[in-house]
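Colleague:
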Amino acid sequence: MASELLKGISESLGLDGNYINEKMGVESEKWTQVLVANMYPPCPQPELSIGLPPHSDHGLLTILMQNDPSILGLQVLHNAKWVPIHPLPNSFLVNTGDHMEILTNGKYKSVVHRAVVNNKATRISIGTAHGPPLDKIVSPAPELLANGVGTQLSLPAYRGIKYRDFLELQQSKTLNGKSCLDCLRL
Numbered sequence: 001m002a003s004e005l006l007k008g009i010s011e012s013l014g015l016d017g018n019y020i021n022e023k024m025g026v027e028s029e030k031w032t033q034v035l036v037a038n039m040y041p042p043c044p045q046p047e048l049s050i051g052l053p054p055h056s057d058h059g060l061l062t063i064l065m066q067n068d069p070s071i072l073g074l075q076v077l078h079n080a081k082w083v084p085i086h087p088l089p090n091s092f093l094v095n096t097g098d099h100m101e102i103l104t105n106g107k108y109k110s111v112v113h114r115a116v117v118n119n120k121a122t123r124i125s126i127g128t129a130h131g132p133p134l135d136k137i138v139s140p141a142p143e144l145l146a147n148g149v150g151t152q153l154s155l156p157a158y159r160g161i162k163y164r165d166f167l168e169l170q171q172s173k174t175l176n177g178k179s180c181l182d183c184l185r186l
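Set out below in structure tokens:
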């Protein structure tokens, strides 16, 4: 599923459909995939607790499934306000991550989100985060820099970084509503 989504994203950027898959080593055995399962039981005072603090995901895409779409818990930051996400029944939710923002030079933004708890029902979410191989250096795609406005070239918005180094940097910092993307901005 991630590979097909990445083909669509490549095409939406005016690139060959396989561009991101090939550049990020999606078809290789070293492609990074992390499975995360979260359970949020009912909380008697949900206003005093949070399920997951604000953050953005480190990879290219995160595909999320929730047990019951009627139980709200995922919120995204939009225009400085937290907006609840109403998932569709029998569907997956897809978040773009930090490395998608780096690779696309900001054309696709990583999604800052959080999980909140409720006092009525247990919410379960299962997510798969998809990223490049750990030794892959990710930087803005040169083909996107060459496609600036008119005849002007776009400047890279981020410096390149090895995926493993990004993960280590991310773990060494306190997440304060965003990831370590700010450390890579040029």
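Residue numbers (full-length UniProt numbering): 1 to 186. Beta carbons are placed, not taken as given, at the ideal position from N, Cα and C, and that holds for glycine.
Could you give the first and the last residue of the continuous beta strand (DSSP E) run that contains Q45?
Modeller: Per DSSP, Q45 belongs to no beta strand (DSSP E) and is neither H nor E.
Colleague: Please give the ranges of any alpha helix (DSSP H) in the UniProt domain "Fe2OG dioxygenase" (30-132), keeping only runs that are unbroken, at least 4 residues long and fully inside the region.
Modeller: Counting only runs of 4 or more, we get 98-103.
Colleague: Just grab the DSSP bridge partners of I161 for me.
Modeller: The partner list for I161 (beta bridge, DSSP) reads V138.
Colleague: With 16 other CB atoms within 10 Å as the buried threshold, where does K136 fall?
Modeller: With 16 or more other Cβ atoms within 10 Å, it is buried.
Colleague: Cβ of V116 within 7 Å of Cβ of C43?
Modeller: The answer is no: Cβ separation not under 7 Å.
Colleague: Does the separation of the CB atoms of G17 and K7 fall below 7 Å?
Modeller: Cβ distance < 7 Å, so G17 and K7 count as in contact.
Colleague: Starting from S3, trace the alpha helix (DSSP H) both ways and give me its first and last residue.
Modeller: Note, S3: alpha helix (DSSP H), A2 to S12.
Colleague: Taking L48 as the reference, which of E4, T96 and N119 has the closest Cα?
Modeller: Nearest C-alpha to L48: N119.
Colleague: Below 8 Å, can you find three or more Cβ-Cβ pairs linking the region 124-133 to the region 33-40?
Modeller: Yes, since at least three Cβ pairs between the region 124-133 and the region 33-40 fall closer than 8 Å, the two stretches touch.
Colleague: For S10 and Q45, what's the separation of their Cα atoms in angstroms?
Modeller: So the alpha carbons of these two residues sit roughly 44 Å apart.
Colleague: Which residues in the same chain as G59 place their Cβ atom closer than 6 Å to its Cβ, once the five residues preceding and following it in sequence are excluded?
Modeller: Answer for G59: G97, H99, A129, H130 and G131, listed in chain order.
Colleague: Would you say L134 and Y158 are within 7 Å of each other, going by their C-beta atoms?
Modeller: Taking 7 Å as the Cβ cut-off, L134 and Y158 do not qualify as a contacting pair.
Colleague: Taking the CB atoms as reference points, tell me whether I63 and L74 lie closer together than 7 Å.
Modeller: Result no, Cβ atoms of I63 and L74 do not sit closer than 7 Å.
Colleague: When the Cα atoms are used, what is the spatial distance from D165 to S172?
Modeller: Each residue's alpha carbon lies about 11 Å from the other.
Colleague: Since V94 contacts L61 with CB under 8 Å, what's their CB separation in whole angstroms?
Modeller: The Cβ separation is near 6 Å, so the contact holds.
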